[in-house]
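Remarks on the structure that follows.
2 protein chains.
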Amino acid sequence: MSTSRSYGDPSGIARSLDVVGERWGLLVVRDLLPGPKQFSDLLAGLPGISPNVLSKRLRELVEGGVVDYQDLGAPDRVRVYELTEWGRDLEPVLRHLEQWGQRAPLPPAGPPSR
Amino acid sequence: MSTSRSYGDPSGIARSLDVVGERWGLLVVRDLLPGPKQFSDLLAGLPGISPNVLSKRLRELVEGGVVDYQDLGAPDRVRVYELTEWGRDLEPVLRHLEQWGQRAPLPPAGPPSR
Chain A
1 MSTSRSYGDP SGIARSLDVV GERWGLLVVR DLLPGPKQFS DLLAGLPGIS
51 PNVLSKRLRE LVEGGVVDYQ DLGAPDRVRV YELTEWGRDL EPVLRHLEQW
101 GQRAPLPPAG PPSR
Chain B
1 MSTSRSYGDP SGIARSLDVV GERWGLLVVR DLLPGPKQFS DLLAGLPGIS
51 PNVLSKRLRE LVEGGVVDYQ DLGAPDRVRV YELTEWGRDL EPVLRHLEQW
101 GQRAPLPPAG PPSR
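Below, the structure is given as structure tokens:
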């Protein structure tokens, strides 16, 4: 059973946000679009996220069917996360957000607010 | 000065989410796409949102340049909120989220989780 919150709204937009709308969710999807990544790579690419929040978000995205993972055997013995096909279908959403955001203010200097 | 959080990430996606990514933000934009609305209409259309959160979100969206408002004089004496041109430019994001969300699970029965 899903552990994430729901808007309780049957519209497609609300149901999408139930799956990927929590803080950092769409940025994790953005960073997996180029290809599979390990947890440490994702963590390094999102300076403001804590390991706990990244773990929770990945767990929700896996539960939601947006991300999948593989545990690579020897010699690496690491877990690699990747988008599912449905996850990759978010590309147009991210493309339009990227365009729209060009007119948004640049972030304030200093560390991101959690 | 903006009161909302920032990811501290200069990408267009992160900057978009700094402006409209907080919980309920994109649903308020969705409900203003058809045209201007009063606070009470917005509140009625988002069953899970509290008046305080809606007020905060509207304040942030106005501050962010996504929403504007007019105070109508007599006889109505009400405040009407509407999307700015930049706000309306979010339409493709919402359209793609709506499509993507058709494959997302329907919300659980019962009241939405706050």
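Chains A and B are the protein sequences, given in the same order. For the first sequence, position 21 (counting from the first letter as 1) is numbered 21 according to UniProt numbering, and the numbering increases by one without interruption. For the second sequence, position 32 (counting from the first letter as 1) is numbered 32 according to UniProt numbering, and the numbering increases by one without interruption. The C-beta atom is built at its ideal place from N, Cα and C for all residues, glycine as well.
C-beta contact flag for residue i and residue j at 7 Å
i                : j               : result
Gly45 (chain B)  : Gly12 (chain A) : no
Pro107 (chain A) : Ser50 (chain B) : no
Arg77 (chain A)  : Gly25 (chain A) : no
Length of the line joining the Cα atoms of residue i and residue j
i                     : j                : result
Asp41 (chain B)       : Val80 (chain B)  : 10 Å
residue 127 (chain B) : Arg23 (chain B)  : The first residue shown for chain B is 1 and the last is 114, placing residue 127 (chain B) beyond what the model contains.
Met1 (chain B)        : Leu72 (chain A)  : Note that Met1 (chain B) scores a pLDDT of 44, beneath 50, so its modelled location is shaky; the value from the coordinates is reported in the next line. Cα-Cα distance, rounded: 47 Å.
residue 115 (chain B) : Val53 (chain B)  : Residue numbering for chain B in the displayed model covers 1 to 114; residue 115 (chain B) lies beyond these limits and cannot be assessed.
Arg95 (chain A)       : Phe39 (chain B)  : 31 Å
Val62 (chain B)       : Pro105 (chain B) : 32 Å
Pro10 (chain A)       : Ala109 (chain B) : 10 Å
Ser55 (chain A)       : Leu33 (chain B)  : 35 Å
Asp89 (chain A)       : Ala74 (chain B)  : 49 Å
Gly35 (chain B)       : Ser4 (chain B)   : 25 Å
Leu43 (chain B)       : Leu43 (chain A)  : 37 Å
Val93 (chain B)       : Gln99 (chain A)  : 10 Å
Per-residue DSSP class, three states only, for residue i
i               : result
Leu83 (chain A) : strand
Asp71 (chain B) : strand
Given residue i as reference, the closest of the options once Cα atoms are compared
i               : options                               : result
Gly8 (chain A)  : B:Pro36, B:Arg88, B:Ser6 and B:Pro47  : B:Pro47
Leu97 (chain A) : B:Ala14, B:Ala74 and B:Asn52          : B:Ala14
Gly87 (chain B) : A:Pro36, A:Asp89 and A:Arg103         : A:Arg103
Gln70 (chain B) : B:Ser55, B:Lys37, B:Val93 and B:Gln99 : B:Lys37
Proximity test, Cβ basis, 7 Å: residue i and chain D
i               : result
Asp41 (chain A) : The structure shown contains no chain D; its protein chains are A and B.
Open item on the list: Measuring CB atoms only, is the segment 64 to 84 of chain A touching the segment 8 to 27 of chain A, in the sense that at least three cross pairs come out at less than 8 Å?
Closed with: Taking 8 Å as the limit for Cβ pairs, the verdict is that the segment 8 to 27 of chain A does touch the segment 64 to 84 of chain A.
Open item on the list: I'd like to know if the segment 78 to 95 of chain B and the segment 26 to 42 of chain B are in contact, where contact means that at least 3 CB-CB pairs between them fall below 8 Å.
Closed with: yes
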